[in-house]
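The structure appears below as structure tokens.
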Amino acid sequence: MTPPAADVPIRDEPIRIGQFLKLANLAEDGGHARELLESGQVTVNGEPEYRRGAQLRRGDVVAVDGRSVRPV
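Its first residue numbered 1, the sequence shown is counted upward by one per residue in our numbering.
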């Protein structure tokens with residue numbers, strides 16, 4: 001069973017996925033976020049996401065390595 005997504009507060013929406021990965025502590029820095037995205041390790045709402053500039057909105061579910069988070 002998949003654990004529920006953890007909520008990560010954001011100030012403004014939309015937020016770029018690269019920024020959100022860092023904010024949610026799923027990426028150490030921008031370079032790490034890029035590596036995660038380019039290697040296909042990131043999904044948004046169950047679909048693979050490869051674009052660092054992809055825009056997220058509150059309620060989207062982002063998953064990396066079995067961890068799920070959601071901007072709120």
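Just so you know, even glycine gets a beta-carbon here, dropped at the ideal spot from N, CA and C. The structure presented is a predicted model; accordingly, all values stated were derived computationally and were not measured.
Where does Arg16 sit, in a helix, a strand or coil, going by DSSP? Taking the first residue of the sequence shown as position 1, residue 16 is located at position 16. The answer is strand: DSSP assigns Arg16 an E or B state.
Mind checking whether Ala24 and Leu36 have CB atoms under 8 Å apart? By 1-based counting over the sequence shown, the position of residue 24 is 24. By 1-based counting over the sequence shown, the position of residue 36 is 36. Taking 8 Å as the Cβ cut-off, Ala24 and Leu36 do not qualify as a contacting pair.
DSSP three-state call for Arg11: helix, strand or coil? Taking the sequence shown and counting its residues from 1, the one referred to as residue 11 is at position 11. In this structure, Arg11 counts as coil in the three-state DSSP scheme.
Which ranges would you report for the beta strand (DSSP E) in the stretch 33-71 if only whole runs of at least 3 residues count? 42-44, 62-64 and 67-71
Are Asp29 and Lys22 closer than 8 Å when you measure CB to CB? Locating residue 29 in the sequence shown gives position 29, where the first residue counts as 1. Locating residue 22 in the sequence shown gives position 22, where the first residue counts as 1. Taking 8 Å as the Cβ cut-off, Asp29 and Lys22 qualify as a contacting pair.
Would you mind sorting Glu49 into buried or exposed? The rule is 16 or more other CB atoms within 10 Å of its CB. Position 49 of the sequence shown holds residue 49. So Glu49 ends up on the buried side.
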